[in-house]
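Participant: Here it is: the structure, laid out below.
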Amino acid sequence: MKILFYRLALAATILVFPIQTWAGDHVFDSGFDDQAEGPHSDAEAARFLTQATFGPTLTEISRLRALGYNAWIADQAAQPASHEREYMEDLENAGLDVYQSARQEAWWRHAITGPDQLRLRVAFALSELFVVSDQSGDAGGQPIAMGNYYDLLTDNAFGNYRSLLEQVTLSPIMGHYLSMFKNQKPDTAANIRPDENYAREVMQLFSIGLVRLNADGSLQMSGGQPVPTYGQDTIRGFAHVFTGWNYANCPRNQGGQSWEWEYCPSGPVDWPNPGWNASWFLPMESWENYHASAEDKQLLDYPGVNLPNGLLSGGGTAASDLGAALDNIFQHPNVGPFIARHLIKRLVTSNPSPAYVGRVAATFANNGVGVRGDLGATVRAVLMDTEARHLPSLASNGGKMREPLLRQTHLWRAMHATSNDSRYREWNSEIYLGQAALRAPTVFNFFLPDYSPPGELSALGLIAPEFQIVTDTSVASVANALGSKTFWYWLGNPWYSPEDVVVDLDTELPFANDPIRLIDRYDLLFMNRTMSDAMFTTLVNYVQGMPNVDTEDRRERVQDAIWLIQTSPEYVIER
Amino acid sequence: MKRRDFIQRALCATASSAMFTSFAGKLSLAHAAATSGKRLLGNDYRALVCVYLYGGNDGFNMLVPRSTAEYNQYATSRGNLALPSANLLSLNPSVAPIGGASFGLNPAMPLMRDLFNQTQSPLAIATNVGPLLYPITKAQYEAESVPVPKQLFSHIDQNVTWLQTRADAIDRHGWGGRLADMFHTSNANQQLSMNISIDGENVFQAGEDVFPYFVGEDGARGLDDVPVWRTNRRAAFTALRDAAHGNALQRQYASVVRRSMDNQVMVADALDGESALATTFPDSPLGRKLRMVARLINVRGGLQMQRQIFYVGLGGFDTHDNQLSDQADRLGELDAALAAFHAATAEMSVDNSVTTFTASEFGRTTSVNGDGTDHGWGSHHLVMGGAVNGRRIYGTPPNLTVEGPDDAGWGQIIPTTSVDQYAATIAGWYGVPAGDMSTVFPNIGRFESADLGFLS
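Written as structure tokens, this is what we have:
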């Protein structure tokens, strides 16, 4: 009780804006309409930043409070995009060899220091939808082009889904990853038919999913069974559509002969001459003589479909067929709820109410001025929804597990981690976190969107996708990784190389004298003040029991507090 | 009575028992008495090892017909992906397979060829296995007069379907999990799960009562920063972990951490006391995983395990492109790792007690998309172990002709054996009595036989 008394008293004195009390997140709320005028407290600001960035910092909390949500989002939308390609080419121009590790460096640097946090966070969410991975040989050999693919997601984070879908489809990285690159029309004599890979996954994973959804994301049922969105005929139809695409700028001096198609180079000259892989950075280009033009193609059939019964008549060009097919996908009623659910799960909560999904899907369908597929408006709807902005009760099981990658970005942002040359040599986080950007084991991402672990969660009908990478092994390796980043890699530790990324604990040391202030600080910074009284008490008592004689003691107090919070169930499940 | 209800009642009945082992013993006896079949066996040891081939292994380029007529069908369908007949590793079965054709293995699999061809062979091949709801002919498939599993040809769905082996199930329990629900009380150790995965989460091992335990290829991993000697930090960590959490996701996370820490100590202690195996394993991902399985079997006494089910995986079989070289690499890795694992079980004298089998979400189309193949349906599988009636090719090898009698369309071959039958044969050897088979495999009665004969 004593500690709790202090906790309350303290909260009233140390706020950035002391006029509002920490407990009163909603004291100034008059209803659901004014949430865009917030945040009304540091805790609300921290909670928003947990969803919209790679982790809150005290500076950003203050800034968000000064600006308000609307102005903050507008400011983010106006920020220029941080580009991985640019970062990697700078390294290359400095004479360094550039591998996928350089792409990881770029990702970490932007996640920790990028001013365009919302754009980058949405791009990361999109990278878990439009999955490509450097674990696949062809794309893995093109690190800068993969960085460029990520930039495509970043550039389109607030753009239009239809345009993004087309850019993804024509990216040589995706073309190689899901084998649409050099996919060719049927050759019945050789028993060769179009590759179905991209046709299948663009529908199943990138846009509509396997079963028909209502406008609020709930399943349409028929005779007690979900209704499939398409069958094998449709996959074959799309497989025919996605034929006839090769690198840009192929020489076709001999009229597009088969050897020209087959041996089309990815650039004007061979490696290592400049420009040898230039076409990896350009949209693929069509070859009509390799496109399956003649056949009628069964595309998606759904209420209100433009094509009669979803059938695309033969005779189109590679480009016109592609355009018609992507329109056919884009207009499917599933896309809105499908994308809404994905973004809500990546940013806010694993188990949104159907009404929440429905509101976001409605924004996807129409941004207010009649445009379908506006991702900027959709992201805003995800973040500014009532259900996103109000702290869910514990019993409602709201919230989600933090992705392991985001636990480390959170630590590093909160503690201003950097290296002597501002490079983030975090090259293989998948080994200990089970995640690294564009490094999923398969096109199914690190986890499936509807995964529910066996046991209580399954019994309650709750989804918790991130739990698919929570194993007896991984809980230990993630905790150990965060431990090494906290206990060992700190600024001033003489044992480590200046090239290592280190957290800066110096600004934390003054708080170590006063365990209540220390834990309160981290309650805000790491848990947007959702820490239970029991947890608060446990941590204060523990830190109080640690020595406090010299700087080293105080540093250990800080380190222990941070690590114990970052490995606690209350932190790992963000609310 | 639902099994879970039963266990809960048994728990109440023995709640006064302070001794963990005596509790387990009572539970086992009570449980055995309450169910129809025998669930507790003697002091013997039995283990299953599921080797999952992620992406859909092309069984039709793993086991290839060599006799002229069948080879020509294959070669016509496969065009530029057809393996030259002369390169196939000839198999010499003791009994001619149905149809009488001769077969060879992919050239990347010489060690499996050797195992297959030896007398007292521990290797059998089950042909054209795949998910089915009922036996089905091409005519029935085309007329849609017999139901088929939902979302055929989709990776995720057919992965789940294969491992549930119950194509119309609505839950996500696998048949390895259902076996564990039945048999886990056989183990004196009731803390460590009898289902251990060296490849993370999977549907196969998830049961209603038993959840898999995960280890890495180097063993169980502990939390470095809460060693026992850090008494206070460990106490604080444990207090935060074990608090009464109000949110179900928090409780789930806490339970995984708790289980991880408890089991890590047990597994690490057991492995520390291991007398090292002489068998060397290839230093490949699958080799390292199967080495860990062998090591865990090696310390089964220390872990007090009599019934175990292991799961390992190997990725890279989704060969839409570049199939000839990519699949050969994967099959070569499989070949070397399986052979080493079998040798290790022989070294431990448990080769008759350990059965290893492959699973994969589907086979691949007999037709070609350029330099690869697309998602198919039926495929061939390997079953290995001392209890295997080896040197035989089981089931009905399909006609590989595109648009032939077994082709559902574009070379997606209709299975002639259901996964239920394949799995039930293995489960029968593991100890499931015939009378209980339909509990584990509810659809098994729809098929001709629950025992394909490849195990004794």
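Residue numbers (our numbering), protein chains in the order written: chain A, 24 to 598; chain B, 629 to 1084. Ideal Cβ positions, reconstructed from N, Cα and C, are used throughout, including at glycine.
1. Starting from the N-terminal side, write out each stretch of the alpha helix (DSSP H) that is 4 residues or longer and does not extend beyond the stretch 918-965 of chain B.
2. Under DSSP, the beta strand (DSSP E) around B/T984 begins and ends at which residues?
3. For A/T372, does the count of other Cβ atoms within 10 angstroms reach 16, so buried, or fall short, so exposed?
4. On the CB-based measure, 16 or more other CB atoms within 10 Å of its CB, does A/E449 come out buried or exposed?
5. Pick from B/P693, B/R706, B/A898: whose alpha carbon is nearest that of B/G930?
6. On the DSSP letters alone, give me the boundaries of the alpha helix (DSSP H) that A/S343 sits inside.
7. Nearest to B/V996 by alpha carbon, out of A/G478, A/W299, A/D218?
8. Interface residues of chain B around A/Q207 at Cβ under 8 Å?
9. Can a CB atom of chain B be found closer than 8 Å to the CB of A/R598?
10. B/T704 CB to nearest chain A CB: under 8 Å?
11. Would you check if the distance between the CB atom of B/S825 and the CB atom of A/V498 is smaller than 8 Å?
12. Taking 8 Å as the CB-CB cut-off, is A/Y565 touching chain B?
13. Hey, B/M1012 and B/L751 are a contact pair by Cβ (cut 8 Å); roughly how many whole angstroms apart?
14. Taking the C-alpha atoms as reference points, what is the distance between A/D157 and A/A146?
15. At a Cβ threshold of 8 Å, is A/N536 touching chain B?
16. So B/Q892 contacts chain A; which residues on that side make the cut at Cβ distance below 8 Å?
17. Could you work out which residues of chain B lie near A/F467, taking near to mean beta carbons separated by less than 9 Å?
18. I'd like the list of long-range same chain contacts for B/P1033, defined as Cβ closer than 7 Å, with 5 residues on each side in sequence excluded.
19. At which residues does the beta strand (DSSP E) containing B/L691 begin and terminate?
20. Since A/N214 meets chain B, which of its residues come closer than 9 Å, beta carbon to beta carbon?
21. Just mark A/S555 as buried or exposed, buried being the case when its beta carbon has 16 or more other beta carbons within 10 Å.
22. Taking A/T76 as part of the alpha helix (DSSP H), name the residues at either end of that continuous run.
23. Tell me the DSSP secondary structure of A/W513 in three-state form.
24. Considering just the uninterrupted stretch of the alpha helix (DSSP H) at A/L562, what are its terminal residues?
25. Report the residues of the stretch 846-858 of chain B with a CB closer than 8 Å to any CB of chain A, ordered along the chain.
26. Give the DSSP-derived three-state secondary structure of B/Y841 in the structure shown.
27. Let me know if B/S1077 comes out buried or exposed under the rule of 16 or more other beta-carbons within 10 Å of its beta-carbon.
28. Name the chain B residues that come within less than 9 Å of A/L324, Cβ to Cβ?
29. For chain B, check one thing: does any of its Cβ atoms lie closer than 8 Å to the Cβ of A/V595?
30. Using beta carbons (cut-off 8 Å, strictly below), is B/Y841 in contact with chain A?
31. According to DSSP, A/Q458 sits in a beta bridge with which residue or residues?
32. If contact is defined by three or more beta carbon pairs under 8 Å, each pair taking one atom from either stretch, is the stretch 520-540 of chain A in contact with the stretch 578-589 of chain A?
33. Should the stretch 98-112 of chain A be called in touch with the stretch 135-152 of chain A, which here means at least 3 C-beta pairs below 8 Å?
34. Starting from A/Y545, trace the alpha helix (DSSP H) both ways and give me its first and last residue.
35. Rounded to whole angstroms, what's the CA-CA distance from B/S821 to A/F470? Just pull it up for me.
36. Do you know whose CA, among B/P1043, B/T947, B/I1072, lies nearest B/G684's CA?
Facilitator: So, to answer that:
1. 928-931
2. 982-987
3. buried
4. buried
5. Shortest Cα-Cα distance from B/G930 to any of B/P693, B/R706, B/A898 involves B/A898.
6. Following the DSSP letters along the chain, one finds A/S343 inside the alpha helix (DSSP H) bounded by residues 341-353.
7. The shortest Cα separation from B/V996 among A/G478, A/W299, A/D218 belongs to A/D218.
8. Correct list: G998.
9. yes
10. yes
11. no
12. yes
13. 5 Å
14. 17 Å
15. So no, A/N536 is outside the interface.
16. D495, A499
17. H783, I784
18. Around B/P1033: K766, N1027.
19. 691-693
20. T704, S705, R706, G707, T994, S995, V996, V1030, G1039
21. Buried, since its Cβ has 16 or more Cβ neighbours within 10 Å.
22. Counting along the chain, A/T76 falls outside any alpha helix (DSSP H), and DSSP gives it neither H nor E.
23. strand
24. For A/L562, the enclosing alpha helix (DSSP H) stretches over residues 556-567.
25. A848, R849, G850, L851, D852, D853
26. Correct three-state label for B/Y841: strand.
27. exposed
28. Reading the sequence as shown, one finds Asp at residue 324 of chain A and not Leu. Those within 9 Å of A/D324 in chain B number zero; the least Cβ separation is about 17 Å.
29. Chain B, which has a Cβ nearer than 8 Å to the Cβ of A/V595, makes this yes.
30. yes
31. Note: A/Q458 sits in no beta bridge, so no partner.
32. Contact holds: three or more Cβ-Cβ distances are below 8 Å.
33. The stretch 98-112 of chain A is in contact with the stretch 135-152 of chain A.
34. 538-550
35. 23 Å
36. Residue B/T947 holds the alpha-carbon nearest to the alpha-carbon of B/G684 among B/P1043, B/T947, B/I1072.
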